[in-house]
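Numbering (the numbering used here), first residue to last: 101 to 369. Cβ atoms here follow ideal geometry from the backbone N, Cα and C, with glycine treated the same way. Predicted model only: the values in this text are computed from it and were never measured.
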């Protein structure tokens, strides 16, 4: 992985302000896995699009661990590595995209998506790093590793449909054409994301939705301090001036490395 310098040429500053809410409930249910709640997300809503992000300790009860979230949507994780799997971090981040939360949007097929993760070692040593991926590939080889959960505003808890769940159907493209909600739970140690989960530091997770332009229609982000002391005070993000992510080659394909298929995690993984 290289530093964000590799994408700087595709970025420019846009002074957009989005409606940002902390510890909020998603419009839809949590449709991925089973037993996951749709509460305590950091939520952004604009132009019919809703983006939710949160971090959580793996295998613990949703509500108890996302309660570690500070009022500023900064998460503090004491133990870095999963004690049951040294290849994974002890924490996951859950993400949700709803492209028609209020009836003014459209189905997922009308948008493209970018997930970026930036790593800062702070005082722990090591080197800064970053990666960007398309979290929802619909074509090509990468689409066979798309294991997102798909549904709509009325899909029941845990009722999302995964691509290829019935053999060679439904395809990700079909699910994008017919749904407005997709969700997943990821780990920075997953292949394709590829960070070393044993490294302590600050992880900034950014999820953006585009509607055809080089500037994002909506962007959300959280920060996770893993194994390091967080700052004593973090400014309240009452507004967000977000970097536009016009990355060459983004539309119609994956961006940077793609996450390989991971076996569906257990409840609250």
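Task: C-alpha gap between residue 154 and residue 126, whole angstroms - done: 11 Å
Task: Extent of the continuous alpha helix (DSSP H) to which residue 273 belongs - done: 272-278
- [ ] Below 8 Å on the Cβ atoms is my guess for residue 177 versus residue 288; work out the distance and round it to an integer in Å.
- [x] Wrong, their Cβ atoms sit about 11 Å apart, outside the cutoff.
Task: Selected residue, minimal CA-CA separation from residue 286, among 209, 194, 317 and 299 - done: 194
Task: Own chain partners of residue 186 with C-beta closer than 6 Å, once the 5 adjacent residues on each side are dropped - done: none
Task: The beta strand (DSSP E) enclosing residue 310, as first and last residue numbers - done: 301-310
TODO: Kindly indicate the opening and closing residues of the beta strand (DSSP E) around residue 46.
DONE: This structure cannot speak to residue 46, because the chain is shown only from 101 to 369.
Task: Element boundaries [beta strand (DSSP E), containing residue 130] - done: That residue, residue 130, is in no beta strand (DSSP E); it is neither H nor E in DSSP.
- [ ] Output the distance between the C-alpha atoms of residue 43 and residue 175, rounded to the nearest integer angstrom.
- [x] Outside the displayed range of the chain (101 to 369) lies residue 43, so it cannot be described from this structure.
TODO: Would you decide whether residue 202 is buried or exposed? Buried here means 16 or more other CB atoms lie within 10 Å of its CB.
DONE: exposed
TODO: Determine the burial state of residue 291: buried for a count of at least 16 other Cβ atoms within 10 Å of its Cβ, exposed for fewer.
DONE: exposed
Task: Residues near residue 218 by beta carbon distance below 6 Å, same chain, minus five either side - done: 230 and 304
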